[in-house]
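Here the protein sequences line up with chains A and B, keeping their order. All residue numbers for the first sequence refer to this note's numbering, where the first residue is 72 and numbers rise by one. All residue numbers for the second sequence refer to this note's numbering, where the first residue is 72 and numbers rise by one. Even glycine gets a Cβ: it sits at the ideal position worked out from N, Cα and C. One structure below.
2 protein chains.
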Amino acid sequence: MRKVKIYITLKEGVLDPQGKAVQNSLHSLEYKNVGEVRVGKYMEVMMEDTKDIETQVDKMCDQLLANPVIENYSYTIEEVV
Amino acid sequence: MRKVKIYITLKEGVLDPQGKAVQNSLHSLEYKNVGEVRVGKYMEVMMEDTKDIETQVDKMCDQLLANPVIENYSYTIEEVV
C-alpha cells in the first residue's frame, strides 16, 4: 500500500475569502503579527501499489480532486507496510 | 517574515463522510485501487517574526484553526525573504 498525501492550494492571484476571514479572526484574537492567510485542502489517499502511480495521481487530481483552473496541487507518496 | 504551513487532519477513529464520498467518486471513475481517503485542511499563514513563534502557532491552532476534540494538527515554519 501507498499513502499519497495531496496538497491543494489556490493559484496565486485567486482571491481567497475564506483565508481573509481566518486572517480577520486571528486579528480579532490579538494575533496582530499575522499577515496573509491562504486556505487549501489536504488529503490522504491510501492506494494499492501500481505501476505509474504518479501518472494515476495526476489524473485523479486533474479529474476530481483539484480544480486546475484555479488550484495547484502537489503530492508526496509514502510506502506503507 | 515566516510562512507557517499548517496541516489539519481528523483524528483516527473519527468518521470522515467527505473522505468516503471522495473515495466513492474515485471508484466510480474506475480508480479501483484506491482505499481509504481522509480529507483535511491545509493553511499557509504569513507571520512576522516573533519570539516563541511555535507557542503562538500552537495557541492559534487550539483556539481557532483546528478543533482539538476531533482534529490533530502539525505545522512547519519556513523563513521567507
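query: Interface residues of the stretch 88-103 of chain A facing chain B [CB-CB below 9 angstroms]; result: 90, 93, 94, 96, 97, 100, 102 and 103
query: Distance between residue 97 of chain A and residue 107 of chain A (C-alpha atoms, nearest Å); result: 11 angstroms
query: For residue 118 of chain B, the first and last residue of its enclosing beta strand (DSSP E); result: 105-118
query: Same chain, Cβ closer than 6 angstroms to residue 148 of chain B, five either side skipped, listed in chain order; result: 73 and 75
query: Contacting residues, own chain, Cβ-Cβ under 7 angstroms from residue 85 of chain B (five flanking each side not counted); result: 141
query: Chain A within 8 angstroms of residue 152 of chain B, Cβ atoms only; result: no
query: Within chain B, partners of residue 115 of chain A - CB distance below 9 angstroms; result: 80, 90, 107, 108, 109, 110 and 111
query: Check whether residue 144 of chain B and residue 111 of chain A have beta carbons under 8 angstroms apart; result: no
query: Secondary structure of residue 76 of chain A, DSSP reduced to three states; result: strand
query: Whether residue 146 of chain B touches residue 78 of chain B by CB criterion (8 angstroms); result: yes
query: Counted within 10 angstroms of its Cβ, other Cβ atoms place residue 153 of chain B as buried (16 or more) or exposed; result: Here chain B covers residues 72 to 152 and nothing more, so residue 153 of chain B does not appear.
query: Sequence-distant residues of the same chain with beta carbon closer than 6 angstroms to residue 90 of chain B, five excluded per side; result: 108, 109 and 110
query: Rounded separation between residue 130 of chain A and residue 88 of chain B - CA only; result: 23 angstroms
query: Beta-carbon proximity of residue 134 of chain B to residue 100 of chain A, cut-off 8 angstroms; result: yes
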